[in-house]
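In the working numbering, the protein residues as written are 8 to 285.
Quick reminder that beta carbons are idealized off the backbone N, C-alpha and C, glycines included.
Quantities reported herein were computed from a predicted structural model and do not represent experimental measurements.
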């Protein structure tokens with residue numbers, strides 16, 4: 008609000024006449040996102056919601072058709088439709104627009120939607136803060152806080168080193184199976200990540216030793232589960248750990264080490280920084 012009046016008019020779907028064509032388009036786009044990549048449900052919902060907002064704003068009064076979605080339309084939305092938005096919001100829309108353009112190209116509209124997917128995203132602004140990353144000292148303190156004499160401590164240490172040394176996401180760690188570890192060659196296979204492609208990561212000596220110690224000396228042999236990491240007691244039988252359980256386990260370790268933990272993704276940022284420096 009400014010001077011008692013709205014500074015800009017927020018988008019509200021209730022203020023727009025429902026367009027059956029846009030609703031069908033959004034359902035098909037949502038189905039495309041589920042089939043084209045391993046995205047979380049939250050990402051799929053948010054991406055679909057932003058594309059619906061784009062279509063409702065640019066094609067009022069039931070004027071939508073796929074051939075009308077082109078680069079000029081996307082640029083007009085950036086300069087007029089969300090002119091009030093921050094630079095990061097506009098860059099975020101570019102990501103959603105590229106995903107939607109890929110959907111249109113897959114349905115035969117490459118001549119009109121193709122240029123949208125080729126527009127380079129703007130890099131970060133000089134004023135944008137750098138991503139938070141954990142320091143080497145704090146990471147080492149958390150590593151040392153793990154109780155290597157207990158099954159839970161061995162498990163948490165292995166998960167921590169996979170993330171802190173190799174840059175795995177906590178969802179990657181939660182989804183690991185016993186069959187994903189090539190024990191003879193020291194290779195870890197990452198499957199079912201957000202990208203549709205799998206990847207192989209070499210285990211370093213420290214993470215490999217912790218993983219071996221956990222698998223041989225701490226992991227329950229009678230669990231009946233092929234998941235590599237199991238929750239405490241494996242109360243749900245064949246279930247493995249969830250992403251939130253991985254995060255909670257590492258948060259407890261950081262509290263024990265009295266380290267202000269900026270989140271599990273900060274370890275991924277630290278790994279990327281070290282790779283760039285080397």
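Requested in this report: Can you have a look at residue 183 and say buried or exposed, based on whether 16 or more other CB atoms are within 10 angstroms of its CB?
Outcome: buried
Query - Of the listed residues 31, 142, 239, 120, nearest to residue 305 (C-alpha basis) - result: Residue 305 falls outside the range modelled here, since the chain spans only 8 to 285, and no answer is possible.
Query raised in the report: Taking the C-alpha atoms as reference points, what is the distance between residue 76 and residue 119?
Result: 7 Å
Query raised in the report: Helix, strand or coil: how does DSSP classify residue 242 here?
Result: For residue 242, the predicted structure reports a pLDDT of 46, less than 50, and the residue's modelled location is therefore unreliable. The matter cannot be settled from this model.
**Report entry** Touching by the beta-carbon criterion (3+ pairs, under 8 Å), the region 46 to 57 and the region 81 to 95
**Finding:** no
Query raised in the report: Under a Cβ-count criterion, where at least 16 other Cβ atoms within 10 Å of its own Cβ denotes burial, should residue 254 be classed as buried or exposed?
Result: buried
**Report entry** Coil, strand or helix - residue 176 by DSSP
**Finding:** coil
**Report entry** Cβ shell of residue 80 (< 6 Å), same chain only, five flanking positions each side left out
**Finding:** 65
Query raised in the report: For the 8 Å Cβ check, are there 3 or more pairs between the region 95 to 110 and the region 22 to 40?
Result: yes
**Report entry** Alpha-carbon spacing of residue 192 relative to residue 233, whole angstroms
**Finding:** 20 Å
Query raised in the report: Quick one: what's got a C-beta closer than 7 Å to residue 41's C-beta in the same chain, skipping five residues either side?
Result: 51
Query raised in the report: Beta carbon of residue 213, beta carbon of residue 168: below 7 Å?
Result: yes
Query raised in the report: Considering residue 195, what are the terminal residues of the beta strand (DSSP E) in which it resides?
Result: 194 to 197
Query - Reference residue 210; option with closest CA among 224, 250, 231, 165 - result: 165
Query raised in the report: In angstroms, rounded to a whole number, what distance separates the CA positions of residue 55 and residue 96?
Result: 15 Å
**Report entry** Sequence-distant residues of the same chain with beta carbon closer than 6 Å to residue 145, five excluded per side
**Finding:** 266
Query raised in the report: Is it buried or exposed for residue 137, if we count other Cβ within 10 angstroms and need 16 for buried?
Result: exposed
Requested in this report: Keeping to the same chain, check which residues put their C-beta closer than 6 Å to that of residue 85; ignore five residues upstream and five downstream.
Outcome: 97
Query - Straight-line Cα distance separating residue 261 from residue 187 - result: 28 Å
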